[in-house]
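**Student:** In my numbering, each residue's number is its place in the sequence shown (first place is 1) plus 3.
Glycine included, every Cβ here is placed at the ideal spot set by N, Cα and C.
Remember, predicted model here, so these are calculated numbers, not experimental data.
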Amino acid sequence: MKRFKKLKILNELYRYKLIGLNYIDDFHIDLKTQNMQSNYQLPNSLESLKNIVLNCHLCQLSKTRNKVVFGEGNPNAKLMFIGEGPGANEDNTGKPFVGRAGNLLTKIIENVLELKREDTYISNIVKCRPPQNRVPTETEANECMPYLLKQIDIIKPSIIVTLGSTAYKYLTKDTTPISKIRGEIINYNNIKLIPTFHPSYLLRNPSAKKFVFYDMKKVKNLLKN
Ligand code: URA
4 MKRFKKLKIL NELYRYKLIG LNYIDDFHID LKTQNMQSNY QLPNSLESLK NIVLNCHLCQ
64 LSKTRNKVVF GEGNPNAKLM FIGEGPGANE DNTGKPFVGR AGNLLTKIIE NVLELKREDT
124 YISNIVKCRP PQNRVPTETE ANECMPYLLK QIDIIKPSII VTLGSTAYKY LTKDTTPISK
184 IRGEIINYNN IKLIPTFHPS YLLRNPSAKK FVFYDMKKVK NLLKN
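As structure tokens, this is what we get:
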């Protein structure tokens, strides 16, 4: 094995130790390709996954969080909302979208989509609050991504609505500005993904509400078919 690869593995192990992990699952190294494959697999039930996420210390957000915000809603939801990350209210309660932006999201669900909030599933890119509500770093988003991907895999929504530019960018890796891409129907692993503006943005820019209204009408039509 190349020296560089060895150093990379050592570096990774020291990093785990530094953040308090004293056990990691075994991993297999293919000596031909030098690819590392972890045997570690996330569970296929939301409850078991939640238990893991509640005890996660993989990134620095775990040091400053108050509560982990796993996500909530109907485990069989056809429609899933994905935000950026918890704010102060969410960090205090452990529930997603419960502050002012959350109240607006609930109104949108009830008044435009004519659904109950609990009929949908609501989650975030990162499950712990970034200090001062800053945008999660790419490393933080990547560390947390397997949890979100597993949530999507378990819930199997037919439609995902990403809220704001960060959620769209980190989930799809597409950097098209949200003002250009919002309202488009994107094929995301055979799930219809519709990016729209974040409710916090709407609180600061009420004139943009009409665009979210159009986008949600589209979602409503898709849900009917
Ligand atoms: N903003 C988000 O992106 N997610 C929340 O849960 C709350 C506010």
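Using only CA atoms, which one of 161, 225, 215, 195 lies nearest to residue 111?
**Tutor:** As a working note, residue 111 is residue 108 in the sequence shown. Ranking 161, 225, 215, 195 by Cα distance to residue 111 puts 215 first.
**Student:** Over what stretch of residues does the beta strand (DSSP E) that includes residue 84 continue unbroken?
**Tutor:** Against the sequence shown, residue 84 aligns to sequence position 81. Counting along the chain, the beta strand (DSSP E) containing residue 84 begins and ends at 82–86.
**Student:** Mapping the DSSP letters down to three states, classify residue 129 as helix, strand or coil.
**Tutor:** As a first step, residue 129 must be located in the sequence shown, where it is residue number 126. Three-state result, residue 129: coil.
**Student:** Rounded C-beta distance between residue 162 and residue 222? I'm assuming under 8 Å.
**Tutor:** Here residue 162 corresponds to residue number 159 of the sequence shown, with the count starting at 1. Here residue 222 corresponds to residue number 219 of the sequence shown, with the count starting at 1. Contact holds; Cβ gap of about 6 Å.
**Student:** CB residue 99 to CB residue 127, shorter than 8 Å?
**Tutor:** For this step, residue 99 is matched to residue 96 along the sequence shown. For this step, residue 127 is matched to residue 124 along the sequence shown. Yes. Within cutoff.
**Student:** Compute every distance between the C-beta of residue 127 and the non-hydrogen atoms of the ligand URA, then say whether any falls below 7 Å.
**Tutor:** Counting from 1 along the sequence shown, the entry for residue 127 is found at position 124. Indeed, a heavy atom of the ligand URA lies less than 7 Å from the Cβ.
**Student:** How should residue 217 be labelled, buried or exposed, when 16 other C-beta atoms within 10 angstroms of its C-beta is the threshold for buried?
**Tutor:** Locating residue 217 in the sequence shown gives position 214, counting from the first residue. Per the 10 Å Cβ criterion, exposed.
**Student:** Would you report the Cα separation of residue 59 and residue 146, rounded to the nearest angstrom?
**Tutor:** Locating residue 59 in the sequence shown gives position 56, where the first residue counts as 1. Locating residue 146 in the sequence shown gives position 143, where the first residue counts as 1. Spanning the two alpha carbons is a distance of roughly 10 Å.
**Student:** Can you list, in chain order, the residues of its chain with a C-beta nearer than 7 Å to that of residue 75? Leave out the 5 residues immediately preceding and following it.
**Tutor:** By one-based count along the sequence shown, residue 75 stands at place 72. Excluding positions up to five away in sequence, the list reads 98, 99, 125.
**Student:** Which one of 227, 91, 80 has the shortest CA to CA distance from residue 120?
**Tutor:** Within the sequence shown, the letter at position 117 stands for residue 120. When each option's Cα is compared against that of residue 120, the closest is 80.
**Student:** Using CA atoms only, rank isn't needed, just tell me which of 169, 191, 118 is closest to residue 219.
**Tutor:** Position 216 of the sequence shown holds residue 219. When each option's Cα is compared against that of residue 219, the closest is 118.
**Student:** If contact is defined by three or more beta carbon pairs under 8 Å, each pair taking one atom from either stretch, is the segment 79–95 in contact with the segment 48–58?
**Tutor:** With a cut-off of 8 Å, the segment 79–95 and the segment 48–58 do not count as touching, because too few Cβ pairs lie within range.
**Student:** I'd like the span of the beta strand (DSSP E) that includes residue 49, first residue to last.
**Tutor:** Looking up residue 49 in the sequence shown gives position 46. First-last for residue 49: 49–57, but that is the alpha helix (DSSP H), not the beta strand (DSSP E).
**Student:** For the beta strand (DSSP E) that residue 72 lies in, which residues bound it at each end?
**Tutor:** Against the sequence shown, residue 72 aligns to sequence position 69. Unbroken run through residue 72: none, as it is neither H nor E.
**Student:** Could you tell me whether the Cβ atoms of residue 134 and residue 67 are closer together than 8 Å?
**Tutor:** As a working mapping, residue 134 is identified with position 131 in the sequence shown. As a working mapping, residue 67 is identified with position 64 in the sequence shown. A contact, by the Cβ cut-off of 8 Å.
**Student:** Give the DSSP-derived three-state secondary structure of residue 5 in the structure shown.
**Tutor:** Here residue 5 refers to the residue found at position 2 of the sequence shown. In the structure shown, residue 5 sits in coil (DSSP, three-state: anything other than H, G, I, E or B).
**Student:** Under 8 Å, do residue 78 and residue 158 count as touching if we go by C-beta distance?
**Tutor:** Stepping through the sequence shown from its first residue, residue 78 is reached at position 75. Stepping through the sequence shown from its first residue, residue 158 is reached at position 155. Result yes, Cβ atoms of residue 78 and residue 158 sit closer than 8 Å.
**Student:** Assuming residue 226 is part of the beta strand (DSSP E), what are its boundary residues?
**Tutor:** The sequence position of residue 226 within the sequence shown is 223, counting from 1. It is not in any beta strand (DSSP E) - residue 226 instead sits in the alpha helix (DSSP H) that spans 212–227.
**Student:** Run the proximity test for residue 87: is its beta-carbon closer than 7 Å to any non-hydrogen atom belonging to the ligand URA?
**Tutor:** As a working note, residue 87 is residue 84 in the sequence shown. Yes, since a heavy atom of the ligand URA falls inside the 7 Å radius drawn around the Cβ of residue 87.
**Student:** Tell me the residue span of the alpha helix (DSSP H) that contains residue 96.
**Tutor:** Numbered from 1 along the sequence shown, position 93 holds the residue referred to as residue 96. Residue 96 -> alpha helix (DSSP H) spans 91–96.
**Student:** Enumerate in chain order the residues of its own chain whose CB-to-CB distance from residue 201 is below 6 Å, with the five nearest sequence positions on each side excluded.
**Tutor:** For the purposes of this step, residue 201 is identified with residue 198 of the sequence shown, where counting begins at 1. Hits under 6 Å: 166, 167.
**Student:** For residue 192 and residue 174, I'd like the C-alpha separation in whole angstroms.
**Tutor:** Here residue 192 is taken as the residue at index 189 of the sequence shown, counted from 1. Here residue 174 is taken as the residue at index 171 of the sequence shown, counted from 1. Each residue's Cα considered, the two are about 11 Å apart.
**Student:** If we require 4 or more residues per run, which alpha helix (DSSP H) segments fall completely within the segment 123–190?
**Tutor:** Counting only runs of 4 or more, we get 141–158, 167–175, 181–184.
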